[in-house]
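Heads up, the thing below is written out as C-alpha cells.
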Amino acid sequence: MTADPTSPMRPRRFQASGPLRGRIRVPGDKSISHRAIMLSSLAVGESRISGLLEGEDVLATAAAMRAMGAHVERVGTGDWMVNGVGVGALLQPETALDMGNSGTSTRLLMGLVASHPIQATFTGDASLSKRPMGRVIEPLSQMGADIAASAGGRLPLILRGASPAVPIQYRLPVASAQVKSAVLLAGLNTPGQTTVIEPVPTRDHSERMLKGFGADLMVDVDPNGTRVITLSGQAELKPQTIDVPGDPSSAAFFVVAALIVEGSDVIIENVGLNPTRSALFDVLRQMGGSIDEIDRREVGGEPVADLRVRHSTLRGIEVDPAVAPSMIDEFPALFVAASVAQGRTVTTGLDELRVKESDRLAAMASALTLAGARIEEREDGLIIDGTGGAPLSGNSREPIVTHLDHRIAMSMAIAGMASSQGIEIDDTRPIATSFPTFESLLDTLADEVAA
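Sequential numbering from 1 applies to the sequence shown in UniProt numbering.
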C-alpha cells in the first residue's frame with residue numbers, strides 16, 4: 001500500500017451488528033483496470049473507460065503511463081479518457097516510476113518498457129520492495145532487456161528496453177498471469193511472434209483485452225490442457241470503449257460475509273465471472289454456500305452477473321490445489337469462511353501466498369488463531385477446523401497485525417462480523433490499495449437492517 005508511512009495508523013474494531021442486507025456494487029476489477037489503462041495508452045486515439053477501480057494500485061499505473069507520454073484523465077462522473085501514444089512510441093520517464101504497493105503495475109509495466117528504446121527506474125513502498133521480480137526479469141532479459149535490480153531481484157531496479165527486442169517462446173515455470181502478461185506486453189513492440197506456453201491456465205484478461213484492442217493473438221489448447229498463446233508483434237492497437245466489470249476479488253469479502261453472518265441476504269451487482277477468476281464462488285458452493293447468479297450477461301467480452309448471497313451452513317472440504325491459480329487472491333477470505341464451517345477444511349499448493357504483499361499463509365494463520373480459530377499452518381497451505389457455525393471467540397483485546405496487507409485487513413474485518421467479541425485490526429489504511437469504499441459498503445449493509 002502507498003499510505004503515507006508518517007501518517008498515523010487507523011485501527012478499527014469490526015463486530016457483529018445483526019444480519020447484512022441490501023444491494024451493493026463493488027469497484028471495478030483491478031486486473032482489468034490495470035490492463036485497460038495500459039492498452040489504451042498504447043492505442044492511437046482516444047479510449048473511454050467506465051467503472052475503473054480508482055484504488056492506489058491502478059492510480060499508480062495511470063501515473064506511470066502519463067510519465068511515458070499518454071494523456072490519462074478522469075472526466076465527468078467517474079469515466080476516464082485516455083489518449084494513447086501508439087505501440088513503440090512510449091517516452092522515457094523523467095523521474096522514477098513509483099509503483100507504490102502494486103506488483104501488477106510493476107511486472108506488467110516492466111513488460112511494456114522491455115521492448116521500447118527507453119530506460120525506466122521502478123521503485124515501490126517497503127512492502128513491494130521485498131517482493132521478488134526474478135520471474136519477470138528472466139524472460140524479459142531473454143528478449144534483450146537490460147535489467148539492473150537490487151539484491152534478490154527486487155526493487156528498486158533500472159530497466160533498459162531493447163530495440164529491437166527478440167521474440168521468444170517462453171514456457172511458464174509456475175502459474176503466473178503477471179509473468180504471462182509481461183511477456184505478451186513486451187511482444188507488442190517486438191518483431192515476429194512471441195509465444196507463451198502455459199501448462200496451468202491463469203486469468204486470461206490480457207488475452208481477451210489484447211484481442212479487443214486489435215492485436216493479432218492466437219490461443220491454442222493442447223489435449224493435455226496446456227495453453228499456447230502466440231502474439232504477432234509490432235501491433236497497431238485501436239482505441240476502445242471499456243466498461244470494467246466489478247472485481248470478483250472485492251466481491252469475495254461480501255460473499256463470505258453474507259454466508260457467515262446469520263440472517264444475511266445480499267445482492268452484489270455486476271460481478272465479473274471470468275472462469276479464470278471465479279473459482280472461489282464454486283468452492284464456497286461446494287461447502288454449501290447459497291450463491292445465485294442473476295441476469296448473467298457479457299460485458300466487453302467478460303461474463304458478468306449479479307450475485308445473490310444468503311447465510312448458509314458451510315461444511316469443511318478438501319480444496320483441490322488445481323483451483324489455486326483461479327482464486328489465489330481470495331484464499332484469505334476463504335480461510336475466514338472455513339474458520340466457522342462445520343468440520344475440517346484442507347488447503348494445499350498455496351506456496352504463492354508466501355510472496356504476496358505479506359506472507360499471507362503465516363499472517364492469516366496468526367490472525368485467525370488470535371481470533372479464536374483452530375489453524376494448522378503447513379508449508380503450502382492451512383488446515384482449518386471450523387467452529388461448526390458458532391461465532392469466533394478469541395482474544396478481544398489484542399489487535400490483529402495486518403502487515404500493511406489490504407487483503408489481510410479486509411479478511412479479518414469480515415471475520416469480525418462473525419466474532420462474539422469483535423476483532424480489532426491494527427490499521428485500515430492498506431484497504432485503500434484496492435478497495436477504497438470497502439468500509440462504507442460494509443457499514444451500509446449492516447445499517448440496512450438497523451434502518
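Beta carbons: idealized from backbone N, C-alpha and C, even for Gly.
Q: Kindly confirm or deny that the region 257 to 266 and the region 420 to 429 touch, where touching means at least three C-beta pairs closer than 8 angstroms.
A: Too few Cβ pairs lie closer than 8 angstroms, so no.
Q) Do Q342 and G386 have their CB atoms nearer than 7 angstroms? A) Here residue 342 refers to the residue found at position 342 of the sequence shown. Here residue 386 refers to the residue found at position 386 of the sequence shown. Yes, they are a contact pair.
**Q.** Nearest-angstrom beta carbon gap, I294 and D306 [assumed within contact, 8 angstroms]
**A.** Reading the sequence shown from its first residue, position 306 is the one you call residue 306. Reading the sequence shown from its first residue, position 294 is the one you call residue 294. Under the criterion of beta carbons closer than 8 angstroms, D306 and I294 qualify as touching, at roughly 4 angstroms.
Q) Where do the ends of the beta strand (DSSP E) carrying L392 lie? A) Taking the sequence shown and counting its residues from 1, one reaches residue 392 at position 392. L392: not part of any beta strand (DSSP E); DSSP gives it neither H nor E.
Q. What does DSSP give as the partner residues of S419 in its beta bridges?
A. To locate residue 419, count along the sequence shown from 1; it is residue 419. Answer is L392.
Q) What residues match up with T230 in a beta bridge as DSSP calls it? A) For the purposes of this step, residue 230 is taken as residue 230 along the sequence shown, with counting starting at 1. Answer is T195, M218.
Q. Within this structure, are the beta carbons of T276 and D351 separated by less than 7 angstroms?
A. Against the sequence shown, residue 276 aligns to sequence position 276. Against the sequence shown, residue 351 aligns to sequence position 351. No, Cβ-Cβ distance for T276 and D351 is not below 7 angstroms.
(Q) According to DSSP, simplified to helix, strand and coil, what is V309? (A) Counting from 1 along the sequence shown, the entry for residue 309 is found at position 309. Residue state, collapsed to three classes: strand.
Q) Which class does P248 belong to by DSSP, given the choice of helix, strand or coil? A) Along the sequence shown, one-based indexing puts residue 248 at 248. Reduced to three states, the DSSP call for P248 is helix.
Q) Hey, how far is the Cα of M99 from the Cα of P19? A) Position 99 of the sequence shown, counting from 1, holds the residue named residue 99. Position 19 of the sequence shown, counting from 1, holds the residue named residue 19. The C-alpha of P19 is placed about 39 angstroms away from the C-alpha of M99.
(Q) Give the list of continuous beta strand (DSSP E) stretches no shorter than 3 residues that lie fully inside the region 278 to 325. (A) Within the region 278 to 325, the runs of beta strand (DSSP E) that reach at least 3 residues and sit entirely inside it are, in chain order, 290 to 299, 302 to 310.
Q.
Relative to the C-alpha of L39, which candidate in G394, V221, L237 has its C-alpha closest?
A. What you label residue 39 is simply residue 39 of the sequence shown in a count that begins at 1. When the alpha-carbon of L39 is set against those of G394, V221, L237, the nearest one is in L237.
Q) What are the uninterrupted segments assigned as alpha helix (DSSP H) that are 4 or more residues long and contained completely in the region 90 to 121, given in chain order? A) Fully enclosed alpha helix (DSSP H) runs of 4 or longer: 103 to 114.
Q: Mind reading off the beta-carbon distance from L231 to G187? Whole number of angstroms is fine, and I expect it under 8 angstroms.
A: Looking up residue 231 in the sequence shown gives position 231. Looking up residue 187 in the sequence shown gives position 187. Right, the Cβ-Cβ distance comes to about 4 angstroms (below 8 angstroms), so this counts as a contact.
(Q) I believe A62 touches I37 by the beta-carbon criterion, under 8 angstroms. Please report the beta-carbon distance rounded to the nearest angstrom. (A) For the purposes of this step, residue 62 is taken as residue 62 along the sequence shown, with counting starting at 1. For the purposes of this step, residue 37 is taken as residue 37 along the sequence shown, with counting starting at 1. Correct: roughly 5 angstroms between the Cβ atoms.
Q | For L134, three-class secondary structure by DSSP | A | Position 134 of the sequence shown holds residue 134. Residue 134 is actually Gly in this sequence, not Leu. Of the three classes helix, strand and coil, the one that applies to G134 here is helix, per DSSP.
Q. Quick one: complete alpha helix (DSSP H) runs, 4+ long, within the region 14 to 97?
A. The region 14 to 97 contains these whole alpha helix (DSSP H) runs: 30 to 42, 56 to 67.
Q. Rounded C-beta distance between V255 and I291? I'm assuming under 8 angstroms.
A. Taking the sequence shown and counting its residues from 1, the one referred to as residue 255 is at position 255. Taking the sequence shown and counting its residues from 1, the one referred to as residue 291 is at position 291. V255 to I291, Cβ: 6 angstroms. Contact.
(Q) Which same chain residues end up closer than 8 angstroms to L370 when comparing Cβ atoms and leaving out the 5 residues on each side of it in sequence? (A) Here residue 370 refers to the residue found at position 370 when the sequence shown is read from its first residue. Setting aside the 5 residues that flank it on each side, L370 is surrounded in the same chain by G394, N395, E398, I400, each with a C-beta closer than 8 angstroms to its C-beta; the list follows chain order.
Q.
Starting from E377, trace the beta strand (DSSP E) in both directions and tell me its first and last residue.
A. In the sequence shown, residue 377 corresponds to position 377, counting from 1. Residues 374 to 378.
Q.
Can you tell me whether V340 is helix, strand or coil according to DSSP?
A. Here residue 340 corresponds to residue number 340 of the sequence shown, with the count starting at 1. Secondary structure at V340: coil, using DSSP grouped into helix, strand and coil.
Q: Give the secondary structure of E352 by DSSP, where H, G and I count as helix, E and B as strand, and everything else as coil.
A: The residue labelled residue 352 in the question sits at position 352 within the sequence shown. In this structure, E352 counts as helix in the three-state DSSP scheme.
Q: Quick one: residues in its chain with C-beta nearer than 8 angstroms to the C-beta of Q15, no 5 flanking neighbours on either side, listed in chain order?
A: For the purposes of this step, residue 15 is taken as the residue at position 15 of the sequence shown. Excluding residues within five positions, the ones whose Cβ falls inside 8 angstroms are G416, M417, S419, Q421, G422, I423.
**Q.** Rounded Cβ spacing between L172 and G124 (contact assumed at less than 8 angstroms)
**A.** In the sequence shown, residue 172 corresponds to position 172, counting from 1. In the sequence shown, residue 124 corresponds to position 124, counting from 1. Contact doesn't hold; Cβ gap of about 23 angstroms is too wide.
**Q.** Nearest-angstrom Cβ-Cβ length linking A333 and F435, presumed shorter than 8 angstroms
**A.** Residue mapping note: residue 333 aligns to position 333 of the sequence shown, counting from 1. Residue mapping note: residue 435 aligns to position 435 of the sequence shown, counting from 1. 12 angstroms between Cβ atoms; not a contact.
Q. Rounded to a whole number of angstroms, what is the C-alpha to C-alpha distance between V183 and A89?
A. Counting from 1 along the sequence shown, the entry for residue 183 is found at position 183. Counting from 1 along the sequence shown, the entry for residue 89 is found at position 89. Whole-angstrom Cα-Cα distance: 18 angstroms.
**Q.** Inter-residue Cα distance where the pair is V449 and E207
**A.** Walking along the sequence shown from the start, residue 449 turns up at place 449. Walking along the sequence shown from the start, residue 207 turns up at place 207. Reliability of the predicted coordinates at V449 is poor, the pLDDT of 46 falling under 50, and the value obtained from them is presented with this limitation in mind. If I take the Cα positions, the gap works out to 43 angstroms.
(Q) Within the continuous beta strand (DSSP E) that includes L159, where are the two ends? (A) Taking the sequence shown and counting its residues from 1, one reaches residue 159 at position 159. Per DSSP, L159 is one residue of the beta strand (DSSP E) stretching across 154 to 160.
Q: State the Cα-Cα distance for the pair L109 and I137, rounded to the nearest angstrom.
A: Along the sequence shown, read from residue 1 onward, the residue named residue 109 stands at position 109. Along the sequence shown, read from residue 1 onward, the residue named residue 137 stands at position 137. Whole-angstrom Cα-Cα distance: 12 angstroms.
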